[in-house]
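*Asks:*
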Amino acid sequence: MDSFTPDALLEGMRRRSQTGPRHLLEPGPDARQQQQLFEAAAAAPDHGQILPWRWVVVPASARQRLADAFEAALLERDPAAGQAERERAREKASRAPFLALAIVREGGDGQQHITLHERLASLGCALQNLLLMATCQGFAVGLASGLALRSRALADCFALAAGERAVCFVAVGSAARRRAPRERPHPARFVSELQPAAD
Ligand SMILES: Cc1cc2nc3c(=O)[nH]c(=O)nc-3n(C[C@H](O)[C@H](O)[C@H](O)COP(=O)(O)O)c2cc1C
Numbered sequence: 000m001d002s003f004t005p006d007a008l009l010e011g012m013r014r015r016s017q018t019g020p021r022h023l024l025e026p027g028p029d030a031r032q033q034q035q036l037f038e039a040a041a042a043a044p045d046h047g048q049i050l051p052w053r054w055v056v057v058p059a060s061a062r063q064r065l066a067d068a069f070e071a072a073l074l075e076r077d078p079a080a081g082q083a084e085r086e087r088a089r090e091k092a093s094r095a096p097f098l099a100l101a102i103v104r105e106g107g108d109g110q111q112h113i114t115l116h117e118r119l120a121s122l123g124c125a126l127q128n129l130l131l132m133a134t135c136q137g138f139a140v141g142l143a144s145g146l147a148l149r150s151r152a153l154a155d156c157f158a159l160a161a162g163e164r165a166v167c168f169v170a171v172g173s174a175a176r177r178r179a180p181r182e183r184p185h186p187a188r189f190v191s192e193l194q195p196a197a198d
């Protein structure tokens, strides 16, 4: 089995998202590579194997439909939005050759002992696995959220069931330009050690 050195793995993680969806161009992952992306997602830990998340890929043929949903989402929150804003909302649907929506199931499945925190942790792992696989394939990646994710229009477009929430879009493609790598927080900022009980 091939193995990563810790340094190579860290380097891949740091390079992961040095671009935004706007700067992701063709080529994107082909069918086999997309399969690998989702096989990587499927390797995420999943307490109780309840599969608390799913993904919806938005192929080129459905980008107009997504653009309609983004525009409708804008009009839900601002019925007076002008033409330029509407165009900006629509344009987001055409970014990146590969675009998929990540959806978490909050509950309603008789598995409430597995909390939303755990479900989101599982989705986060699936997301990270997918991002790392895309990086390993040589692509650049980006995540996109925003107010539209909470709209009725988007829920209808993606047929979200009761108890499901859209979390973010994952975009994968070839980087038109990369951001300079940002400095990552030193572990000392977020790691502490439990102290023994005081006598
Ligand atoms: C769930 C989620 C949603 C995100 N949505 C956006 C977004 O809509 N726009 C954005 O610029 N960054 C968004 N980000 C942040 C980017 O993924 C990324 O962290 C940021 O571009 C900086 O890259 P870096 O963390 O590799 O330095 C999101 C991150 C997460 C975890």
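So in numbering that gives the first Met the number 0, spot 37 of the sequence shown is number 36, and the numbers just go up one at a time. Virtual Cβ for every residue (Gly too), placed ideally from N, Cα, C. No experiment lies behind these values; they were computed from the predicted model shown.
1) For leucine 9, count neighbouring C-beta atoms within 10 Å of its own C-beta (all shown protein chains included) and say buried if the count is 16 or more, exposed if not.
2) Measure the CB-CB distance between cysteine 167 and alanine 143 and report whether it falls below 8 angstroms.
3) Which ranges does the beta strand (DSSP E) cover as unbroken runs of at least 3 residues, wholly within the region 119-165, from first to last along the chain?
4) Quick check: the Cα distance between threonine 4 and alanine 152, rounded to an integer number of angstroms?
5) Whole angstroms are fine: how far does the CA of valine 169 sit from the CA of aspartate 77?
6) Return the Cβ separation of glycine 162 and glutamate 105 in integer angstroms, given the expectation that the two are a contact with Cβ distance under 8 angstroms.
7) Mind listing, in chain order, the continuous alpha helix (DSSP H) runs of no fewer than 4 residues lying wholly within the region 13-51?
8) Ligand 1 and leucine 50: does any heavy atom of the ligand fall closer than 7 angstroms to the residue's C-beta?
9) Cβ of valine 166 versus every heavy atom of ligand 1: is any distance shorter than 7 angstroms?
10) When the distance is taken between beta carbons, is aspartate 45 closer than 8 angstroms to serine 121?
11) Could you give the residue range of the beta strand (DSSP E) that holds alanine 101?
*Replies:* The relevant details are as follows:
1) With fewer than 16 other Cβ atoms within 10 Å, it is exposed.
2) Going by beta carbons, cysteine 167 and alanine 143 fall inside the 8 angstroms limit.
3) Within the region 119-165, the complete beta strand (DSSP E) runs of at least 3 residues fall at 139-143.
4) Rounded to whole angstroms, threonine 4 to alanine 152 spans 45 angstroms at the Cα level.
5) Approximately 26 angstroms between the Cα atoms of the pair.
6) With a Cβ gap of about 5 angstroms, glycine 162 and glutamate 105 count as contacting.
7) Those alpha helix (DSSP H) runs which fall completely within the region 13-51 and span 4+ residues are 30-41.
8) Every heavy atom of ligand 1 is 7 angstroms or more from the Cβ of leucine 50, so no.
9) At least one heavy atom of ligand 1 is nearer than 7 angstroms to the Cβ of valine 166, so yes.
10) Yes; because the gap between Cβ atoms is below 8 angstroms, this pair is in contact.
11) Taken as a continuous stretch (DSSP letters only), the beta strand (DSSP E) holding alanine 101 covers 97-104.
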